[in-house]
Every structure is written in C-alpha cells, then in structure tokens.
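Asker: One structure, pasted below without further comment.
Chains as they are written, first to last, in our numbering: chain B, 12 to 167; chain V, 11 to 272.
Listed below in structure tokens is the structure:
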C-alpha cells in the first residue's frame with residue numbers, strides 16, 4: 012500500500028479526536044480519578060435520608076472511602092435502606108457510626124463514618140447499626156420556634 | 011374557486027413532503043446496504059474523511075476555543091454572585107460535554123461539510139456524471155454516497171470531542187489563567203461532577219446521531235436536487251436549514267431521554 016499525505020492528515024485527525032476523547036474521560040470525567048472496582052457492600056437504615064442520592068460520597072475523616080449505590084424504602088420498618096460500596100482497602104469496626112452530613116451550609120449531602128473501638132471489623136453485606144439521619148432544615152427551624160414560643164412564659 | 015385552489019395547493023405540498031420522506035428513507039436503507047463495498051475500498055472513505063473531517067478541524071478548534079472562553083467569562087460573572095466561582099470548571103465542562111460540544115460541532119459541520127457534500131453531488135448530477143456511472147454499471151450510491159456517509163458518521167464524534175476539549179481549555183484560559191479562579195478546585199470539582207458514562211458517553215452518542223442525520227440530509231438533498239444551477243443552490247440552502255433544525259429538535263429529544271432522571 013502506498014502512503015499519501017492524505018493518509019497522514021486523516022491519521023492526525025483521528026488521533027486528535029481520540030486524544031480529546033481520552034482527555035474528556037480521564038482529566039474532565041471521573042474515569043481516571045477513583046477506581047471503585049474493589050469494593051465491599053455495607054447496609055444501613057436511616058429514618059430520614061434527606062437529600063442523599065445514589066452516588067453520593069462516603070467519607071471518613073474527610074477522605075473519600077466509597078459511594079452510595081442505592082436507596083430504597085424498607086416497608087417493614089418504614090425506614091430508608093441505604094446500600095453502600097466501600098473500598099476494600101478501608102476496613103471499619105463493627106460499632107462504626109454513620110451520619111448523613113452536609114458539605115457546607117447548603118451543599119451536597121454525604122455519609123460520614125465515625126469508627127468506634129470494636130476489634131471486629133464489618134464484613135461484606137453487614138449492616139451498620141448506629142445511624143443518624145439527615146439534618147432537615149425545616150425540623151430545626153420548627154424546634155427553634157417551639158422553644159422560643161415556650162420561653163416567654165417561663166421568664167415573664 | 012380560489013379557496014379550492016389553496017386547499018389543493020396545501021394538499022399537494024403535504025403529499026410531496028411525505029413522498030420525499032419516503033424516498034429519503036429508501037435512500038438511507040440503500041446507503042446502508044451498499045456500504046459493504048465502501049468498507050472494502052477504505053481509500054474512498056479516507057478521502058472523504060479528509061474533505062469533511064480534516065478540513066473542518068480549524069473552524070471547530072477556533073469556534074470551540076471561543077465558545078469555551080465565553081462560557082468561562084459568563085459563568086464566572088454569574089457564579090460570583092453566589093460565591094461559588096470554584097464551580098466554574100463544572101459549569102464549563104458539563105455545558106460543553108453534554109450540550110454545546112455535540113450541538114455546536116454538528117451545526118458547524120452541517121454548514122461547513124454538509125453544504126459542500128450537497129453542492130458536490132448536485133453538480134455531479136447536473137453534469138450527468140451520475141448517469142454516466144450508472145451507464146458503466148457502477149452503483150452511484152455505493153461509489154459516491156456510502157463513503158461520504160461513513161466519513162460523516164466517523165468524523166462527527168471526533169469533531170465534537172475535540173470541540174469540547176478545546177472549549178474546556180478555553181474556559182481554563184479565561185477562568186484560571188486570566189481571572190484567577192483556583193486551579194485545583196477548577197479541575198477537581200470538574201472531575202467530581204462529570205461522569206464518564208452519564209455525560210461523556212451520552213455526548214458521544216448525541217454526536218453520532220447528529221453525524222448520521224446531518225450527512226444523510228446533505229447527501230439526500232444533493233442526490234435529489236433538480237439538475238440545474240438553481241436546483242443545486244436551493245438544495246444547498248435546504249441542507250443547512252433542514253439539518254440545523256433537525257439537530258436542535260433531536261437534541262431536545264435526546265436530552266429528554268438521557269438526562270430525565272438526573
């Protein structure tokens with residue numbers, strides 16, 4: 012096969028296109044950043060998940076350790092059943108505490124893990140027993156209002 | 011009588027339009043059937059890749075750079091009000107990868123390469139080159155249409171990806187280099203927000219659909235053009251108008267399907 016300058020130009024075009032696709036995947040997208048292939052599964056019941064969504068991050072001490080996979084309503088308990096995938100490198104004790112926290116005042120919600128002191132570790136498919144629900148702004152405001160409304164009667 | 015004439019006119023136009031759609035569908039089918047030949051003679055596709063893909067590179071790169079720079083400026087102005095300038099990278103990247111990259115690249119491709127295809131094929135028809143080919147028992151759809159079709163389908167996603175990548179670089183230039191948004195948060199928030207499957211791959215699918223539709227419209231208009239100077243010029247205009255409208259409408263439909271739940 013003879014080679015022509017045409018082939019060279021077309022080759023350069025294709026290489027440039029594929030290179031920008033790789034750039035989009037690796038540098039712009041999340042394909043290159045966090046590889047979640049080696050994970051184990053944990054469950055937790057929350058009485059209120061607030062604005063938590065699948066793919067939300069799970070952090071311990073601010074470090075990303077996993078992601079929320081799915082959130083379903085368990086109709087036996089009427090509580091949210093949250094399935095999490097945690098990186099295999101990170102093991103957590105049995106009495107780990109799971110909180111739904113908010114990054115910033117109005118930011119995204121994520122699950123914060125607080126490890127306890129148990130010597131036994133959580134295994135694949137285990138359930139985190141101690142959980143704390145999301146902070147719902149309306150509840151906080153109404154609590155504040157009720158306590159304010161109750162105050163004057165006591166002080167007057 | 012004038013009333014009946016108007017109604018007859020409308021009916022005639024509607025029937026004609028439906029007829030053309032039917033012919034276009036048959037044309038598309040024939041193109042797919044005869045594309046086996048053009049893959050065996052890949053040189054033909056390479057030649058068309060050069061004239062539709064490589065020749066569109068400059069307009070795509072320059073347009074992408076400026077669109078990205080404008081996004082950077084406007085995004086900064088708006089995000090500054092909410093004190094979230096660090097989300098500039100997210101805005102620029104999502105806007106380009108999901109929407110502007112595929113759509114703008116397809117619009118540019120339609121007016122840069124699509125119109126050229128229509129004019130070329132229309133002129134071939136006007137100068138009876140196509141009849142000559144049929145006379146020599148060369149199938150014009152296999153020889154002329156199919157290579158151009160596949161060149162368009164192959165080059166469109168590449169051009170759209172290039173547009174997005176250059177646009178993000180343009181947004182980086184304005185946002186980080188010129189205005190001084192923090193470089194780390196620009197890239198890291200972008201990586202956290204842009205999902206490969208949800209955003210990048212959906213953008214590629216969009217541009218594949220646009221590439222198919224734009225090249226098909228361009229080739230069909232050329233093939234269907236009346237073999238006169240006026241006919242070719244009209245067909246070229248129709249290519250640009252029809253494919254631009256088709257891109258924008260299809261974009262809405264695809265976006266509604268892809269990003270409904272997110």
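Where is the CB? At the ideal position from N, CA and C, for every residue including glycine. Quick caveat, the model's predicted, so the values are computed rather than measured.
So residue 36 (chain B) contacts chain V; which residues on that side make the cut at Cβ distance below 8 Å?
Answerer: Those within 8 Å of residue 36 (chain B) in chain V are 206, 210.
Asker: In chain B, what lies closer than 9 Å to residue 200 (chain V) by C-beta?
Answerer: Simply 38, 39, 40.
Asker: In or out: residue 127 (chain V) buried (at least 16 other Cβ within 10 Å) or exposed?
Answerer: Counting Cβ neighbours within 10 Å, residue 127 (chain V) comes out buried, since at least 16 surround it.
Asker: In angstroms, rounded to a whole number, what distance separates the CA positions of residue 92 (chain V) and residue 101 (chain V)?
Answerer: If you take the alpha carbons of residue 92 (chain V) and residue 101 (chain V), they lie about 14 Å apart.
Asker: Which runs of the beta strand (DSSP E) fall wholly inside the region 104-166 of chain B and span at least 3 residues, in chain order?
Answerer: The qualifying runs are 108-113, 120-125, 137-139, 141-143.
Asker: Residue 147 (chain V) by DSSP, collapsed to three states: which one?
Answerer: Looking at residue 147 (chain V) - three-state DSSP - the assignment turns out to be coil, as it is neither helix nor strand.
Asker: If you draw a straight line from the C-alpha of residue 86 (chain V) to the C-alpha of residue 123 (chain V), how long is it?
Answerer: Between residue 86 (chain V) and residue 123 (chain V), the C-alpha separation is close to 34 Å.
Asker: Could you check what DSSP says for residue 55 (chain B) in three-state terms: helix, strand or coil?
Answerer: Looking at residue 55 (chain B) - three-state DSSP - the assignment turns out to be strand.
Asker: Under a three-way DSSP split, which group does residue 50 (chain V) fall into?
Answerer: Residue 50 (chain V) falls in the helix class under three-state DSSP.
Asker: Is residue 63 (chain B) helix, strand or coil when you go by DSSP?
Answerer: Correct three-state label for residue 63 (chain B): coil.
Asker: With a threshold of 8 Å between beta-carbons, can residue 145 (chain B) be considered close to chain V, or not?
Answerer: Not an interface residue.
Asker: Threshold first: 4 residues or longer. Then list the alpha helix (DSSP H) segments lying entirely within the region 100-170 of chain V, N to C.
Answerer: Listed in chain order, they are 111-119, 125-136, 139-145.
Asker: Given that a residue counts as buried once 16 or more other Cβ atoms are within 10 Å of its Cβ, and exposed if not, what is residue 174 (chain V)?
Answerer: By the neighbour-count rule (16 or more Cβ atoms within 10 Å), residue 174 (chain V) is buried.
Asker: Who pairs with residue 91 (chain B) in a beta bridge, going by DSSP?
Answerer: Paired residues: B:57, B:84.
Asker: Give me, in chain order, the residues of the same chain whose beta-carbon lies closer than 7 Å to that of residue 105 (chain V); leave out the 5 immediate sequence neighbours on both sides.
Answerer: Excluding positions up to five away in sequence, the list reads 81.
Asker: So, with DSSP's three-state summary, where would you put residue 94 (chain V)?
Answerer: In the structure shown, residue 94 (chain V) sits in coil (DSSP, three-state: anything other than H, G, I, E or B).
Asker: Per DSSP, residue 50 (chain B) forms a beta bridge with which residues?
Answerer: Its beta-bridge partners are B:98.
Asker: Which first and last residues belong to the alpha helix (DSSP H) in which residue 216 (chain V) is found?
Answerer: Looking at the DSSP string, the run of the alpha helix (DSSP H) that includes residue 216 (chain V) is 212-234.
Asker: Is the region 52-64 of chain B touching the region 82-97 of chain B, taking contact as three or more C-beta pairs under 8 Å?
Answerer: Yes, they touch.
Asker: Can you give me the C-alpha to C-alpha distance between residue 263 (chain V) and residue 221 (chain V), rounded to a whole angstrom?
Answerer: Approximately 16 Å, taken between the alpha carbons.
Asker: Rounded to whole angstroms, what's the CA-CA distance from residue 178 (chain V) to residue 268 (chain V)? Just pull it up for me.
Answerer: When rounded, the distance between both Cα atoms is 22 Å.
Asker: Take the Cβ of residue 209 (chain V) as the centre, count every other Cβ of all protein chains shown within 10 Å, and call the residue buried at 16 or more, exposed below.
Answerer: With 16 or more other Cβ atoms within 10 Å, it is buried.
Asker: What are the residues of the region 44-64 of chain V that lie near chain B, defined by any Cβ-Cβ distance shorter than 7 Å?
Answerer: Result list: 56, 57, 59, 60, 63, 64.
Asker: Considering only the alpha carbon of each residue, which of V:258, V:63, V:16, V:212 lies closest to residue 24 (chain B)?
Answerer: Nearest option by C-alpha distance: V:63.
Asker: Taking the alpha carbon of residue 73 (chain B) as the reference point, which residue from B:125, B:153, B:17 has its own alpha carbon closest?
Answerer: Closest by alpha carbon: B:125.
Asker: Is residue 262 (chain V) helix, strand or coil when you go by DSSP?
Answerer: In this structure, residue 262 (chain V) counts as helix in the three-state DSSP scheme.
Asker: Three-state secondary structure (DSSP) at residue 272 (chain V)?
Answerer: Note that residue 272 (chain V) scores 49 on pLDDT, short of 50, meaning its location in the model is unreliable; the coordinates nonetheless yield the value given after this. In the structure shown, residue 272 (chain V) sits in coil (DSSP, three-state: anything other than H, G, I, E or B).
Asker: Going by C-alpha to C-alpha distance, which of V:42, V:95, V:41, V:111 sits closest to residue 75 (chain V)?
Answerer: Comparing Cα-Cα distances from residue 75 (chain V) to each of V:42, V:95, V:41, V:111, the minimum goes to V:111.
Asker: Using a Cβ-Cβ cutoff of less than 7 Å, which residues in the same chain neighbour residue 219 (chain V) once the five nearest sequence positions on both sides are dropped?
Answerer: Counting only Cβ-Cβ distances below 7 Å, and skipping sequence neighbours, we find 260, 264.
Asker: Check the Cβ-Cβ distances between residue 67 (chain B) and every residue of chain V, and say whether any is below 8 Å.
Answerer: No, residue 67 (chain B) does not count as interfacial toward chain V.
Asker: How close, in whole Å, do the beta carbons of residue 112 (chain B) and residue 121 (chain B) come, if the pair is a contact with beta carbons under 8 Å?
Answerer: The Cβ separation is near 6 Å, so the contact holds.
Asker: Could one say the Cβ of residue 85 (chain B) lies closer than 8 Å to chain V's Cβ atoms, at least one of them?
Answerer: Cβ-Cβ to chain V under 8 Å: no for residue 85 (chain B).
Asker: If I follow the unbroken beta strand (DSSP E) through residue 189 (chain V), where does it start and stop?
Answerer: Per DSSP, residue 189 (chain V) belongs to no beta strand (DSSP E) and is neither H nor E.
Asker: Step through the CB atoms of chain V and report whether any lies within less than 8 Å of the CB of residue 137 (chain B).
Answerer: For residue 137 (chain B), the answer is no, since every Cβ of chain V falls outside 8 Å of its Cβ.
Asker: Taking residue 136 (chain B) as the reference, which of B:157, B:150, B:127, B:94 has the closest Cα?
Answerer: Measuring from the Cα of residue 136 (chain B), the nearest candidate turns out to be B:94.
Asker: Could you give the distance in angstroms between the alpha-carbon of residue 21 (chain B) and the alpha-carbon of residue 29 (chain B)?
Answerer: Their Cα atoms are separated by approximately 12 Å.
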